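Novice: Going left to right, the sequence shown walks through residues 1 to 517 as UniProt numbering numbers them.
In this text, a Cβ means the ideal position worked out from N, Cα and C, and glycines have one as well.
Please read these numbers as outputs of a predicted model, since none were measured by experiment.
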Amino acid sequence: MGWLDRVEDQVDALRRARALQEVSRSAEACALLDRVIRTTDDPCTRADALVQRLSALINLGRTAEFTRAIEEASAAVRDLAEPYLHGHLNALAALAAHHQGALDRCVTHLVRAARALSADDDPDRDTAWGWHDLAMAYSYLSFHGHALGAIERARQVGLTAGIPEETFAAPGIRLRNAVALDHNGDSDGCLRVLRDVAGDLARFLRAGRAGSLRPSSLAAYGYAAARRAALGDRVDSGGDADPARLIGHGGDSARARDLRQLGQVCLAVGEGRPIEAVTRLDTIRVSDETLGAAEAPRLRSIALARAGDHAAAHRADRHAFRLAAQRSDRLRDVYIDGIAARIDHEEMRREAARYEGEALTDPLTGLPNRRRLERYIAAVVARGERVVIGVCDLDGFKAVNTRHGHHSGDLVLQRIAGVINRVMRRGDFVSRYGGDEFVVVLPETGMAEASEVARRIQAAVHTEDWESLVPGTPVGVSIGFAEVDGGGGVSVREALGAAFELADREMLRAKDRLRAS
Numbered sequence: 001m002g003w004l005d006r007v008e009d010q011v012d013a014l015r016r017a018r019a020l021q022e023v024s025r026s027a028e029a030c031a032l033l034d035r036v037i038r039t040t041d042d043p044c045t046r047a048d049a050l051v052q053r054l055s056a057l058i059n060l061g062r063t064a065e066f067t068r069a070i071e072e073a074s075a076a077v078r079d080l081a082e083p084y085l086h087g088h089l090n091a092l093a094a095l096a097a098h099h100q101g102a103l104d105r106c107v108t109h110l111v112r113a114a115r116a117l118s119a120d121d122d123p124d125r126d127t128a129w130g131w132h133d134l135a136m137a138y139s140y141l142s143f144h145g146h147a148l149g150a151i152e153r154a155r156q157v158g159l160t161a162g163i164p165e166e167t168f169a170a171p172g173i174r175l176r177n178a179v180a181l182d183h184n185g186d187s188d189g190c191l192r193v194l195r196d197v198a199g200d201l202a203r204f205l206r207a208g209r210a211g212s213l214r215p216s217s218l219a220a221y222g223y224a225a226a227r228r229a230a231l232g233d234r235v236d237s238g239g240d241a242d243p244a245r246l247i248g249h250g251g252d253s254a255r256a257r258d259l260r261q262l263g264q265v266c267l268a269v270g271e272g273r274p275i276e277a278v279t280r281l282d283t284i285r286v287s288d289e290t291l292g293a294a295e296a297p298r299l300r301s302i303a304l305a306r307a308g309d310h311a312a313a314h315r316a317d318r319h320a321f322r323l324a325a326q327r328s329d330r331l332r333d334v335y336i337d338g339i340a341a342r343i344d345h346e347e348m349r350r351e352a353a354r355y356e357g358e359a360l361t362d363p364l365t366g367l368p369n370r371r372r373l374e375r376y377i378a379a380v381v382a383r384g385e386r387v388v389i390g391v392c393d394l395d396g397f398k399a400v401n402t403r404h405g406h407h408s409g410d411l412v413l414q415r416i417a418g419v420i421n422r423v424m425r426r427g428d429f430v431s432r433y434g435g436d437e438f439v440v441v442l443p444e445t446g447m448a449e450a451s452e453v454a455r456r457i458q459a460a461v462h463t464e465d466w467e468s469l470v471p472g473t474p475v476g477v478s479i480g481f482a483e484v485d486g487g488g489g490v491s492v493r494e495a496l497g498a499a500f501e502l503a504d505r506e507m508l509r510a511k512d513r514l515r516a517s
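1) Excluding five sequence neighbours on each side, which residues of the same chain lie with their C-beta closer than 6 Å to the C-beta of L14?
2) Taking 8 Å as the cut-off, decide whether the C-beta atoms of L205 and R228 are in contact.
3) Rounded C-beta distance between Q261 and V286? I'm assuming under 8 Å.
4) For P171, name the three-state secondary structure that DSSP assigns.
5) Taking 8 Å as the threshold (C-beta atoms), are D504 and V380 in contact?
6) When DSSP labels each residue in this structure, what does D282 get in the three-state scheme?
7) To the nearest angstrom, how far is the alpha carbon of G208 from that of W3?
8) In chain order, what residues of the same chain lie with their CB nearer than 7 Å to the CB of P297, ignoring the 5 residues before and after it?
9) Tell me whether A81 sits in a helix, a strand or coil according to DSSP, three-state version.
10) Using CA atoms only, rank isn't needed, just tell me which of A495, S212, A268, A312 is closest to A19.
11) Check whether the region 147-163 and the region 265-278 are in contact - that is, three or more C-beta pairs closer than 8 Å.
12) Go to A382, then tell me how far its alpha helix (DSSP H) extends in each direction, as first and last residue.
13) Do A161 and R214 have their CB atoms nearer than 8 Å?
14) With H, G and I counted as helix, E and B as strand and the rest as coil, what does DSSP make of R153?
15) Taking only beta-carbon atoms, is G248 less than 8 Å away from chain D?
16) Given M507, which residues of its chain have a CB within under 7 Å of its CB, disregarding the five upstream and five downstream residues?
17) Which residue's Cα is closest to the Cα of A198: S217, D186, D182?
18) For A510, which residues in the same chain have their Cβ closer than 8 Å to its Cβ, ignoring the five residues on either side in sequence?
19) What runs of the alpha helix (DSSP H), each 4 residues or longer, lie entirely inside the region 52-82?
20) Would you give the residue range spanned by the beta strand (DSSP E) that E437 belongs to?
21) Is it true that the region 25-38 meets the region 360-380, where meeting means three or more beta-carbon pairs spaced less than 8 Å apart?
22) Mapping DSSP to helix, strand and coil, what is L394?
23) Distance check for L92 and R372, CA to CA, integer angstroms please.
24) Taking the alpha-carbon positions, what's the E449 to L496 distance?
25) May I ask you to verify whether the region 419-427 touches the region 401-411, counting CB pairs closer than 8 Å and requiring at least 3?
26) Starting from V111, follow the beta strand (DSSP E) in both directions and report where the run begins and ends.
27) Closer than 6 Å by C-beta to A277: which residues in its own chain qualify, once you throw out the five before and the five after it? Chain order, please.
28) Along the chain, where does the beta strand (DSSP E) containing V484 start, and where does it finish?
29) Sort P83, L469, Y223 by Cα distance to I247 and report the nearest one.
30) How long is the line joining the alpha carbons of L103 and R383, rounded to whole angstroms?
31) Out of A202, D233, G446, which one is the CA nearest neighbour of G239?
32) Who pairs with V387 in a beta bridge, going by DSSP?
33) Nearest to A178 by alpha carbon, out of F168, D196, E165?
34) Do T45 and D9 come within 8 Å of each other at the CB atom, strictly closer than that value?
35) Between the C-alpha atoms of I173 and E71, what's the straight-line distance to the nearest angstrom?
36) Take T167 as the anchor and find which of A64, D182, I151 has the nearest alpha-carbon.
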């Protein structure tokens with residue numbers, strides 16, 4: 001029994017929305033899904049409609065609506081034990097994160113999507129589409145091997161569910177692989193992949209199955225042919241494989257519009273009109289995410305070389321190569337950050353395991369919570385040891401929640417926890433006190449050493465790549481320190497209260513200085 005067989009309300013509308021999206025009529029699908037969301041009381045219907053609406057928004061390129069759509073869909077799906085829904089939602093969230101430039105968040109969603117879809121023990125046509133969208137997300141992130149594996153899973157599940165092979169032809173995956181090769185200097189490799197793509201289209205045409213190809217696939221086949229023409233390959237015009245006709249497909253998809261505009265540039269080069277191609281490049285606006293930021297400058301280089309301006313062509317080619325290299329660097333940084341986060345998590349998990357069975361760990365960050373912090377400080381002070389506490393409060397966190405939503409806010413808190421934990425000295429103690437406030441405890445430390453610890457924390461937070469996680473909302477930290485004075489006959493609780501109050505005042509003064517600067 002498939003997923004929609006378990007949905008009890010407005011199933012026909014949900015199926016109609018799917019059919020509209022399959023033929024690239026996402027605006028109609030979005031309007032239909034909005035009506036379903038407004039009128040249903042069934043949690044399964046609402047969850048499905050919200051996930052499908054997110055898909056429609058991504059197809060339409062309505063980037064400003066992604067964050068809220070993900071939050072609403074996540075809230076609706078959270079309590080439903082349906083692997084397909086969780087997998088498809090995370091695949092779509094990965095696509096959205098990629099378009100927003102948040103590569104680390106994108107990778108997190110990719111992992112969650114693959115795990116959820118693999119756990120579906122009753123796959124149906126909806127599961128097949130989940131694997132398809134996961135393959136697309138892998139492809140846009142340049143994980144071409146993973147993309148090919150995921151689209152093969154989509155084909156296998158789809159065939160079992162009665163979906164024709166050509167529905168999941170997905171030429172866009174190999175197209176992005178091809179242009180990535182060209183951006184990195186391997187034009188011969190690019191042409192080999194593009195010719196293979198053309199061979200698949202020819203096979204479908206000979207078998208009379210091209211009519212089952214999705215509009216987005218037809219647009220990708222058209223661009224692949226136009227790109228070959230730009231690189232000097234002979235491409236036949238006219239007939240069903242005419243690139244000028246094929247790039248006109250794609251409906252209201254934002255990615256198809258980009259392929260259409262860039263395809264016209266390629267055809268102008270291939271047909272001996274390189275100056276027209278350069279002029280077109282000066283006037284069009286396409287997303288860097290469709291074929292990579294390097295595609296437009298690479299086409300400019302090809303056009304200028306055909307026009308005989310080899311110096312300008314070389315400059316454009318170097319620009320394209322630098323953009324492609326920057327993308328590789330960002331992916332490497334995501335990988336390195338992922339390893340660092342895993343190490344941080346393991347260290348915090350081992351610390352938390354020492355107090356297993358007690359509610360002493362913050363579930364979001366894995367850090368000791370307020371209860372554990374107070375016990376720890378009390379034990380240190382009771383032993384008569386000198387101790388300094390520091391109150392760390394985030395700067396800019398309200399803007400993160402307002403602009404990007406609470407899911408992104410949680411990711412920021414998790415990263416802050418890892419950053420602070422990394423720069424502390426052996427024997428120091430870090431906890432989440434509540435909200436966006438963290439407390440550090442420095443045993444056997446004076447105020448001079450505490451100032452150096454504060455400098456290290458602030459520097460580490462400042463150098464984090466917040467732009468890729470929460471674009472346009474920088475994150476900082478203000479810190480105030482105070483020494484716990486356990487002498488003079490005061491109780492431990494009184495000494496702690498006085499130290500916290502003083503540290504909090506120092507932190508607020510630091511915030512005031514930041515605002516005044």
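Specialist: Taking the structure as given:
1) Result list for L14: D48, in chain order.
2) The Cβ atoms of L205 and R228 do not sit closer than 8 Å to each other.
3) Q261 to V286, Cβ: 6 Å. Contact.
4) For P171, the secondary structure class from DSSP, reduced to helix, strand or coil, is helix.
5) The answer is no: Cβ separation not under 8 Å.
6) In the structure shown, D282 adopts helical secondary structure according to DSSP, grouped into three states.
7) Approximately 32 Å, taken between the alpha carbons.
8) Cβ within range, chain order: A316, H319, A320, L323.
9) Of the three classes helix, strand and coil, the one that applies to A81 here is coil, per DSSP.
10) The candidate whose alpha carbon is nearest that of A19 is S212.
11) For the pair of segments examined, the region 147-163 was found not to touch the region 265-278: the number of CB pairs separated by less than 8 Å stays below three.
12) Counting along the chain, the alpha helix (DSSP H) containing A382 begins and ends at 370-382.
13) If you check the CB distance, A161 and R214 do not come in under 8 Å.
14) Correct three-state label for R153: helix.
15) Looking at the structure shown, chain D is missing, and only one protein chain is on hand.
16) Same-chain partners within the cutoff: V391, D393, S478, I479, G480.
17) Selected option, being the one with the closest Cα: S217.
18) Same-chain partners within the cutoff: S478, I479, G480.
19) For the region 52-82, whole alpha helix (DSSP H) runs of length 4 or above, ordered along the chain, are 66-77.
20) Run containing E437: 437-443, per the beta strand (DSSP E) assignment.
21) In this structure the region 25-38 does not lie against the region 360-380, because fewer than three pairs of beta carbons, one per stretch, are closer than 8 Å.
22) It is a strand residue.
23) R372 and L92: Cα-Cα distance of roughly 38 Å.
24) For the pair E449 and L496, the Cα-to-Cα distance works out to about 20 Å.
25) No, the region 419-427 does not touch the region 401-411.
26) From DSSP, V111 is part of no beta strand (DSSP E) but of the alpha helix (DSSP H) over 103-118.
27) Apart from the 5 residues on each side of it in sequence, A277 sits with its Cβ closer than 6 Å to the Cβ of V265, A268, V269, A303 in its chain, given in chain order.
28) Premise fails: V484 is in no beta strand (DSSP E) and is neither H nor E.
29) Taking only the C-alpha atoms, the option nearest I247 is Y223.
30) Their backbone Cα atoms lie some 47 Å apart in a straight line.
31) Here the closest residue by C-alpha is A202.
32) In the DSSP assignment, V387 forms a beta bridge with P443.
33) For A178, the closest C-alpha among the options F168, D196, E165 is that of D196.
34) Between D9 and T45, the C-beta gap is smaller than 8 Å, which places the two residues in contact.
35) Cα to Cα, I173 sits roughly 28 Å from E71.
36) Check the Cα spacing between T167 and each of A64, D182, I151: the tightest is with I151.
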